[in-house]
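*Asks:*
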Amino acid sequence: MNGEKDDDVRRPLTVAEKLDHLLTLRAELSEDGKPSYKALAAAIAAQSGETFSGPYLWQLHRGERTNPTLRHLCALAKYFEVPVSYFTDDDVARKMINEELLASRELDRSMAEAGVSALFLRGNLAALSPEGKRMAADMIRQLRDLERGARQPPSSSPA
1 MNGEKDDDVR RPLTVAEKLD HLLTLRAELS EDGKPSYKAL AAAIAAQSGE
51 TFSGPYLWQL HRGERTNPTL RHLCALAKYF EVPVSYFTDD DVARKMINEE
101 LLASRELDRS MAEAGVSALF LRGNLAALSP EGKRMAADMI RQLRDLERGA
151 RQPPSSSPA
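Each residue of the sequence shown is one higher than the one before, starting from 1 at the first, in full-length UniProt numbering.
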């Protein structure tokens, strides 16, 4: 039976898990491949006007702080361009996470078909929204199709 999968779907998502998803897909990473909590907190504070510190953001991400204020959730939502309900409604979060994963798979498939394997390019495209990833995948497909057409000799048609 599929009970374990059902339990996982019904299990509440933590703020840390939701934030981890956003940081993984959308945050700029430092040289060690981890988010710079200090820089990220400063960017969020500058954009929102809310007080944020690097240690506080780190604690939220690690699950050591589990009850952020609505003001902080609003600031995070604005920075990551998600609705506040992403943090307050697990159904919304799951839907957005699944949409993001599907868009990422589509983009990966398009890049693989086009022979794109550069980690730099993949890393930059990973930070795009689901809509941006779909647009990038479409552009890659169109470029591939244009190049295929350019390599094929024109078909001769009777005049």
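C-beta: ideal position from N, C-alpha, C; glycine also.
If you draw a straight line from the C-alpha of residue 43 to the C-alpha of residue 102, how long is it?
*Replies:* Straight-line Cα distance between these residues: approximately 28 angstroms.
*Asks:* Less than 7 angstroms between C-beta atoms, sequence neighbours within five positions excluded: which residues of the same chain meet that for residue 23?
*Replies:* Within the same chain, residue 23 has close Cβ partners 35, 61.
*Asks:* Is it a yes or a no for the segment 68-80 touching the segment 44-55, going by three-plus beta-carbon pairs under 8 angstroms?
*Replies:* Yes, the segment 68-80 touches the segment 44-55.
*Asks:* Hey, out of 64, 56, 140, whose CA is closest to residue 107's CA?
*Replies:* Residue 140 is the option with its Cα nearest to residue 107.
*Asks:* Less than 8 angstroms between the beta carbons of residue 75 and residue 54, yes or no?
*Replies:* Taking 8 angstroms as the Cβ cut-off, residue 75 and residue 54 do not qualify as a contacting pair.
*Asks:* Any idea what DSSP makes of residue 130, helix, strand or coil?
*Replies:* Residue state, collapsed to three classes: helix.
*Asks:* Within 10 angstroms of its Cβ, does residue 161 collect 16 or more other Cβ (buried), or is it exposed?
*Replies:* It is not possible to answer for residue 161, since the shown part of the chain is limited to 1 through 159.
*Asks:* Cβ of residue 26 within 8 angstroms of Cβ of residue 127?
*Replies:* In this structure, residue 127 lies closer than 8 angstroms to residue 26 by Cβ.
*Asks:* Consult DSSP for residue 35 and reduce its assignment to one of helix, strand or coil.
*Replies:* Reduced to three states, the DSSP call for residue 35 is strand.
*Asks:* Could you check which residue in 130, 135, 137, 15 has the C-alpha nearest to that of residue 67?
*Replies:* Answer by Cα proximity: 15.
*Asks:* May I ask you to report which of helix, strand or coil DSSP gives residue 12?
*Replies:* Residue 12 falls in the coil class under three-state DSSP.
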